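See structure below.
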Amino acid sequence: MKQIDFSQPRLQSFNGIFLIFFADLAKRIRQNIYILALPFLQKNLFDDYGTLIYLGLFLLVLTQFIFSYLSYKKFRFSIQEDAFHLDHGVIRLSHVEIPFERIQNINLQQGVFQQILNVVGFEIETAGEGTAEIKIKALDKGFATALKAKLIEEKNKVQTEVEIESGPTDETLESTPDSSASVLFQLDFRTLIKVGVSSNLFKGVGLLLAFFAYLYNFIMDFVTNIYDIDLEEDFTNRIPETLTFTSVLIVSVLVIGFLITVLTTVLKFFKLKIIKAQQNFEVEYGLFKRVNKVIKKSKTQIFEIRTNPIKNLFNIKNVFVSQASSHQLSEKQKIGLVGLSKVNLKSLFKSLFEHEYEALTFDVVHSKHRLIFRYFYKNLFLLSGLSLAVYFVFLNWFSLTVLIALSLFLIFISYLRMKKSSIGVNSNFISIRKGSIDTKFSLIEIHKLQSVKLTKNIFQQYNGHADLVLETASGMLKVEYLSLNEAQELMNYLLFKIESTHKNWI
Amino acid sequence: MDFKNLELSISDLPDFKTVDLQPIQKSYKKIIWINHALTFFVLYGISFFVLNFEEIPNWISIIAFSVISLVFSIKAIEIEKGFPIRKFGVRQHDIIYQYGFFYFSETVVPYNRIQHVEIKQGPLSRLFSLYSLSLYTAGASSGDLIINGLDKQTAQRLKSKVLDKTTLVDEAD
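If you read the protein sequences in the order shown, they are chains A and B.
With the first letter of the first sequence counted as 1, position 211 gets the number 211 in our numbering; the numbers rise by one all the way through.
For our numbering, add 506 to where a residue sits in the second sequence, where the first one is 1.
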């Protein structure tokens with residue numbers, strides 16, 4: 001590795017100008033998308049003001065480019081004695097300092113544009129209250145790796161000093177990337193396809209429907225405006241004849257939705273690789289957008305195993321790991337390790353928690369049957385809306401059967417969700433099971449809990465039930481409709497365990 | 507339910523329900539009322555104002571009036587019935603806060619999970635010389651505990667108690 005002087009304030013890679021420019025431009029366009037509708041409102045707009053519009057657009061883009069260039073010029077970072085320093089901002093200048101010991105993770109990633117321009121994105125994550133998260137859009141790959149190694153090295157230095165002062169803690173040293181890294185798991189293409197096939201196809205269907213709804217509105221507006229005919233009325237009148245057409249449409253939406261799901265899964269988790277580096281894991285995945293994330297053992301809060309009948313058939317499991325953060329983690333922020341076999345899962349679990357996954361036994365408490373009503377109430381809005389639509393618009397045998405089948409299906413799903421909802425405890429772990437057809441099984445170490453809450457709405461106060469809410473540093477988990485007695489016993493137990501431990505949550 | 511695999515017996519554990527809970531200051535109810543009265547005063551004002559417009563049909567204001575009144579009476583029940591339940595309790599290792607009539611909630615935060623503590627005072631609270639105590643834990647703000655309507659002495663006593671405990675635990679580590 002070449003020696004690079006990091007104390008010199010530096011700019012991003014030169015290609016970064018274009019990246020920043022395109023990213024900013026895309027953002028502006030997204031913010032002002034409604035302007036695209038203007039030409040449709042006024043027919044002669046382009047004839048009358050064509051030159052002016054193009055000139056204006058050109059000026060806007062030029063200003064944006066100058067602004068992006070300035071923000072590139074003003075974005076300077078360096079490593080000083082104690083911290084990572086960053087200056088940025090065109091109009092309002094700001095200076096960010098991240099002390100080495102606050103650095104939790106360093107992620108490298110490469111999106112499509114970044115791949116074209118041959119640069120990588122560089123992210124520094126910190127833990128806890130601060131909002132200081134640094135994103136550098138474009139660095140040369142070699143430089144980024146060197147910077148990462150340097151930061152980790154500095155961090156280790158600080159940590160060793162602290163450890164000498166205060167004696168050994170259970171916090172383990174972060175590894176340097178070259179020492180004893182071994183590939184724990186590599187996802188081959190066949191398993192990846194299996195993961196795609198066994199994913200929830202409704203995600204893809206949802207995407208597709210959203211796209212269609214958008215397209216439909218757009219075309220309808222357009223056609224109605226231009227040709228002055230009411231297409232909607234025309235369409236509604238022909239509904240009975242187009243029943244076959246509708247069924248074909250539904251089937252094709254499902255098929256295309258399925259294909260989209262498989263495709264997005266394959267793109268997202270392409271060549272997933274888990275590398276074990278001493279106590280931590282590095283995870284890499286993605287075809288167009290190559291993501292590199294670090295799972296720190298001490299930062300891991302929730303270990304979630306997701307399965308469904310098809311996954312069981314293929315013998316694969318998806319694991320989602322939540323790391324400590326200052327806000328509730330969204331699904332996207334969880335680190336997904338998909339297509340694991342049982343053996344992979346066991347070795348991953350063992351190295352993260354130092355317990356055998358197989359040996360875990362839990363005292364399980366189930367949610368009470370009343371929970372089914374809560375789930376069903378939530379569907380009631382949808383059902384009553386549909387019933388009204390059926391009654392007033394397309395009342396016939398077909399729509400009625402569909403409606404009844406849908407209600408039965410929703411009741412069945414509510415039943416499954418109620419049946420599956422449970423919490424288990426043993427002397428080290430909490431396990432929470434949720435899901436309907438699929439299963440989400442979350443495992444949390446008890447000492448990682450932040451606070452415990454018991455809530456009862458007015459009905460639960462009368463019929464002696466309560467929801468148990470567990471707060472962790474990466475979001476809250478809720479177990480619904482436990483009997484009050486059991487919920488209180490669980491709460492006492494968990495509190496006792498948190499308060500009698502000397503283990504820290506991070 | 508019986509817990510077979512646990513190494514300790516659940517029934518021997520300290521029960522958080524047995525702790526003596528203390529109410530917050532009575533004058534805090536006035537603050538809640540003033541806050542809500544202001545909001546509803548504005549809402550009623552708007553719907554009354556709308557009544558004067560010829561173009562807007564009267565039934566809109568009437569519906570608005572009744573919806574606002576319904577929400578207002580629910581809020582009133584919540585305040586009147588819920589206020590006596592707002593209580594906090596201190597145990598050796600944790601702090602408990604409970605509130606809510608329609609949606610009752612009991613939160614327990616162990617001292618060794620508290621990141622930092624703040625005493626705050628809003629403009630309205632200054633009139634009644636009341637303080638609020640915020641206990642922050644790691645992670646999302648939903649895990650934080652905020653106790654409103656404390657007098658200065660109690661707030662400071664609680665704060666020093668909590669800080670004392672958190673530092674004690676740190677030293678023990």
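All C-beta atoms in this analysis are idealised placements derived from N, C-alpha and C, irrespective of residue type, glycine included.
All values derive from a computational prediction rather than experimental measurement.
>> For a test of the three-state rule: what should DSSP assign to residue 8 of chain A, helix, strand or coil?
In response: The residue you call residue 8 of chain A lines up with position 8 of the first sequence. It is coil, neither helix nor strand.
> Under the three-state reduction of DSSP, which class applies to residue 142 of chain A: helix, strand or coil?
Replying inline: For the purposes of this step, residue 142 of chain A is taken as the residue at position 142 of the first sequence. DSSP places residue 142 of chain A in helix when its eight states are reduced to three.
>> Just to confirm before moving on: does the CB-CB distance between residue 466 of chain A and residue 505 of chain A stay below 8 Å?
In response: Position 466 of the first sequence, counted from the first residue, corresponds to residue 466 of chain A. Position 505 of the first sequence, counted from the first residue, corresponds to residue 505 of chain A. Their beta carbons are not under 8 Å apart, which means residue 466 of chain A does not touch residue 505 of chain A by this criterion.
> Looking at chain B, which residues of the region 353-379 of chain A have a Cβ within less than 7 Å of any of its Cβ atoms?
Replying inline: 361, 363, 365
>> Just to confirm the assignment: which complete alpha helix (DSSP H) runs, minimum length 4, are found wholly within the region 511-577 of chain B?
In response: 534-557
>> Measuring only the C-alpha atoms, how far is residue 134 of chain A from residue 152 of chain A?
In response: The residue given as residue 134 of chain A occupies position 134 in the first sequence. The residue given as residue 152 of chain A occupies position 152 in the first sequence. So the alpha carbons of these two residues sit roughly 15 Å apart.
> Can you tell me the Cα-Cα spacing of residue 13 of chain A and residue 92 of chain A, whole angstroms?
Replying inline: By 1-based counting over the first sequence, the position of residue 13 of chain A is 13. By 1-based counting over the first sequence, the position of residue 92 of chain A is 92. Approximately 23 Å between the Cα atoms of the pair.
>> Between A/316, A/336, A/264, A/27, which has its C-alpha nearest residue 292 of chain A's C-alpha?
In response: As a first step, residue 292 of chain A must be located in the first sequence, where it is residue number 292. Closest option to residue 292 of chain A, Cα to Cα, is A/336.
> the ligand ATP heavy atoms versus the CB of residue 355 of chain A: any closer than 7 Å?
Replying inline: Within the structure as shown, the ligand ATP is missing, as the structure has no ligands at all.
>> Counting only Cβ-Cβ distances shorter than 7 Å, please list the residues of the region 451-467 of chain A near chain B, keeping chain order.
In response: 451, 452, 453, 454, 455, 456, 457, 458, 461
>> Report the start-end ranges of each beta strand (DSSP E) in the region 607-659 of chain B that is 3 residues or longer and not cut off at the edges.
In response: Complete beta strand (DSSP E) runs here, min 3: 609-616, 620-626, 637-643, 651-656.
> When the cut-off is 8 Å and only beta carbons count, does residue 670 of chain B lie next to chain A?
Replying inline: The residue given as residue 670 of chain B occupies position 164 in the second sequence. No, no contact with chain A.
> residue 191 of chain A: which of A/415, A/311, A/485, A/113 sits nearest, CA to CA?
Replying inline: Taking the first residue of the first sequence as position 1, residue 191 of chain A is located at position 191. Measuring from the Cα of residue 191 of chain A, the nearest candidate turns out to be A/311.
> Can you tell me the Cα-Cα spacing of residue 624 of chain B and residue 641 of chain B, whole angstroms?
Replying inline: Taking the second sequence and counting its residues from 1, the one referred to as residue 624 of chain B is at position 118. Taking the second sequence and counting its residues from 1, the one referred to as residue 641 of chain B is at position 135. Cα to Cα, residue 624 of chain B sits roughly 7 Å from residue 641 of chain B.
>> According to DSSP, simplified to helix, strand and coil, what is residue 167 of chain A?
In response: On the first sequence, residue 167 of chain A is found 167 positions in, with the first residue counted as 1. Unreliable placement is indicated for residue 167 of chain A, whose pLDDT of 39 sits below 50; no coordinate value is reported for it.
>> Buried or exposed for residue 280 of chain A, going by 16 or more other Cβ atoms inside 10 Å?
In response: Numbered from 1 along the first sequence, position 280 holds the residue referred to as residue 280 of chain A. With 16 or more Cβ atoms within 10 Å of its Cβ, residue 280 of chain A is classed as buried.
> Thinking just about the alpha-carbon of each residue, which of A/313, A/47, A/303, A/481 is nearest to the one in residue 375 of chain A?
Replying inline: Here residue 375 of chain A is taken as the residue at index 375 of the first sequence, counted from 1. With distances taken between Cα atoms, residue 375 of chain A lies closest to A/481.
>> Beta carbons nearer than 7 Å to chain B: which residues of the region 470-499 of chain A have them?
In response: 471, 472, 473, 474, 475, 476, 486, 488, 489, 491, 492, 493, 495, 496, 498, 499
> Under 8 Å between C-beta atoms, does residue 596 of chain B make it to chain A?
Replying inline: As a position in the second sequence, residue 596 of chain B is number 90, starting the count at 1. So, not an interface residue.
> Distance, Cα to Cα, residue 21 of chain A vs residue 157 of chain A?
Replying inline: Along the first sequence, read from residue 1 onward, the residue named residue 21 of chain A stands at position 21. Along the first sequence, read from residue 1 onward, the residue named residue 157 of chain A stands at position 157. When rounded, the distance between both Cα atoms is 38 Å.
> Quick one: which chain B residues come within Cβ less than 7 Å of residue 327 of chain A?
Replying inline: By 1-based counting over the first sequence, the position of residue 327 of chain A is 327. The contacting residues are 646.
>> Classify residue 598 of chain B: buried if its beta carbon has 16 or more other beta carbons within 10 angstroms, exposed otherwise.
In response: Numbered from its first residue, the second sequence carries residue 598 of chain B at position 92. Per the 10 Å Cβ criterion, exposed.
>> So that I know if they touch, is there some Cβ in chain A lying closer than 8 Å to that of residue 666 of chain B?
In response: For the purposes of this step, residue 666 of chain B is taken as residue 160 along the second sequence, with counting starting at 1. So no, residue 666 of chain B is outside the interface.
>> I need the straight-line Cα distance from residue 304 of chain A to residue 648 of chain B, nearest angstrom please.
In response: Taking the first sequence and counting its residues from 1, one reaches residue 304 of chain A at position 304. Taking the second sequence and counting its residues from 1, one reaches residue 648 of chain B at position 142. Straight-line Cα distance between these residues: approximately 21 Å.
> Listed from N- to C-terminal order along the chain, which residues in the region 415-433 of chain A have their beta-carbon within a distance smaller than 9 Å of any beta-carbon of chain B?
Replying inline: 425, 426, 427
> Among the residues of its own chain, which have a CB less than 7 Å from the CB of residue 464 of chain A, if the five just before and after it don't count?
Replying inline: Here residue 464 of chain A corresponds to residue number 464 of the first sequence, with the count starting at 1. Closer than 7 Å at Cβ, skipping near neighbours: 483, 484.
> Looking at chain B, which residues of the region 139-153 of chain A have a Cβ within less than 7 Å of any of its Cβ atoms?
Replying inline: none
> Using Cβ-Cβ distances below 9 Å, what residues of the region 517-539 of chain B are close to chain A?
Replying inline: 517, 519, 520, 521, 522, 523
> Between the region 308-334 of chain A and chain B, which residues of the former have CB atoms less than 9 Å from a CB of the latter, in chain order?
Replying inline: 324, 325, 326, 327, 328, 329
>> Report the start-end ranges of each beta strand (DSSP E) in the region 55-87 of chain A that is 3 residues or longer and not cut off at the edges.
In response: At a cut-off of 3 residues, the continuous stretches assigned as beta strand (DSSP E) that sit fully inside the region 55-87 of chain A are 76-79.
>> Taking the straight line between their C-alpha atoms, what separation do you get for residue 294 of chain A and residue 654 of chain B?
In response: Position 294 of the first sequence holds residue 294 of chain A. Position 148 of the second sequence holds residue 654 of chain B. Taking the straight line joining both Cα atoms gives about 40 Å.
> Since residue 505 of chain A meets chain B, which of its residues come closer than 7 Å, beta carbon to beta carbon?
Replying inline: One-based indexing of the first sequence puts residue 505 of chain A at position 505. 619, 644, listed in chain order.
> Of all the residues that make up the region 578-589 of chain B, which are near chain D by a beta-carbon distance shorter than 7 Å?
Replying inline: Judged by its chain identifiers, the structure shown contains no chain D, and its protein chains are A and B.
>> With a threshold of 8 Å, are at least 3 pairs of Cβ atoms found where one atom belongs to the region 417-434 of chain A and the other to the region 358-368 of chain A?
In response: The region 417-434 of chain A vs the region 358-368 of chain A: in contact.
>> In the DSSP assignment, the beta strand (DSSP E) including residue 385 of chain A goes from what residue to what residue?
In response: As a first step, residue 385 of chain A is located in the first sequence; it is residue number 385 there, counting from the start. Where residue 385 of chain A is concerned, there is no enclosing beta strand (DSSP E), although the alpha helix (DSSP H) it sits in stretches over 371-392.
>> Any contact between the region 598-610 of chain B and the region 567-574 of chain B? By contact I mean 3 or more CB pairs, one from each, below 8 Å.
In response: no
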